Amino acid sequence: MFTGIVEELGEIAAVEALPDAARFAIRGPAVAPGALHGESIAVNGVCLTVVEARGDVFTADVMKETLVRSSLGSLVPGDPVNLERAVRADQRLGGHIVQGHVDGTGVVLSREPAEHWEVVRVSLPAELDRYVVEKGSIAVDGISLTVTGVPPGEFAVSLIPTTLQLTTLGRKKPGDPVNLEVDVIAKYIEKLVAARGQGVAS
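For the sequence shown, position 156 matches number 165 in the working numbering, and the numbering has no gaps at all.
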């Protein structure tokens, strides 16, 4: 489990094509040293399992489904990526509960700079619309953000300078894809309410 608080802006060091998969080598001086085989690291919001770590680089295998359902399939060496290690039970939950299971992808629609923040609009797949509410939480490329508006077919977030400087969202341009993970609590509530409406005992 993650919190959506990015620890480091890493970089794709290499991508090796495998049958129905790919192996990513990712440079992250803060998260790679000491990473153990089998540990989880979120890369642009996608939970990946460490295969090995040497120095400031770790490798992870990504299966075809993940490459297709997320924006990882478009990454090439040199691309920046948001990195977050799995949260420990004794840590503060600074963002919100993020599983690293991408629900879909959106596209950056526009950026509107202001004096102290920047408003970014992102397209929202129709099947995810019901889970996104104003003032609710959403993970965009693994970053825990507060939704500031939900016009039809999209949502907006306001980014502070720290987020712009230390994450990939400071570099994304209109037309660029982003990974989206909606609040898992909303999905659980939906299922429970639907079951109760059908007369299923809880």
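Each residue gets a CB set at the ideal place from its N, CA and C atoms; glycine is no exception.
Note that the structure is predicted; figures quoted are calculated from it, not measured.
Under a CB-based cut-off of 8 angstroms, is residue i close to chain D?
i: N188; result: Although the question refers to chain D, the structure presented lacks it and comprises just one protein chain.
Just the Cα atoms here: how many angstroms apart are residue i and residue j?
i: E74; j: V15; result: 24 angstroms
i: A204; j: R180; result: 43 angstroms
i: D88; j: V52; result: 12 angstroms
i: M72; j: V59; result: 13 angstroms
i: L18; j: I194; result: 28 angstroms
i: R63; j: V116; result: 34 angstroms
i: R101; j: A44; result: 21 angstroms
i: D138; j: G103; result: 25 angstroms
i: P161; j: I198; result: 22 angstroms
i: K182; j: G206; result: 43 angstroms
Where does the unbroken beta strand (DSSP E) through residue i begin, and where does it stop?
i: I50; result: 49-52
i: R94; result: 89-94
i: V131; result: 127-132
i: V60; result: 55-63
i: P186; result: 186-191
i: R36; result: 30-36
i: E17; result: 17-27
i: A148; result: 146-149
i: V122; result: The question names Val, yet the displayed sequence has Pro at residue 122. Residues 113-122.
i: I152; result: 152-158
Given residue i, which residues of its chain have a CB within under 7 angstroms of its CB, disregarding the five upstream and five downstream residues?
i: G145; result: V156, D192
i: D65; result: R36, G37, P38, A41, P42
i: T114; result: S79, S80, P186, V187, N188, L189
i: I152; result: G13, V15, N91, T172, T176, L178
i: V141; result: L133, I147, V156, V159, F164, V191
Give the range of the alpha helix (DSSP H) segment to which residue i is assigned.
i: V77; result: 73-78
i: P170; result: 170-175
Below 8 angstroms CB to CB, which residues in the same chain sit around residue i once its five sequence neighbours on both sides are set aside?
i: K196; result: Y140
i: A34; result: I21, A22, A23, V24, E25, V66, F67, T68
i: W126; result: S167, L168, I169, P170
i: L76; result: A30, A31, G82
i: G184; result: V116, V117
i: V85; result: I21, V24
Can you tell me the Cβ-Cβ gap for residue i and residue j, rounded? I've got them flagged as a contact below 8 angstroms.
i: S49; j: A95; result: 4 angstroms
i: G54; j: D150; result: 5 angstroms
i: C56; j: H105; result: Contact doesn't hold; Cβ gap of about 15 angstroms is too wide.
i: E143; j: F11; result: Actually they do not touch by this definition, with Cβ atoms about 23 angstroms apart.
i: V131; j: L118; result: 6 angstroms
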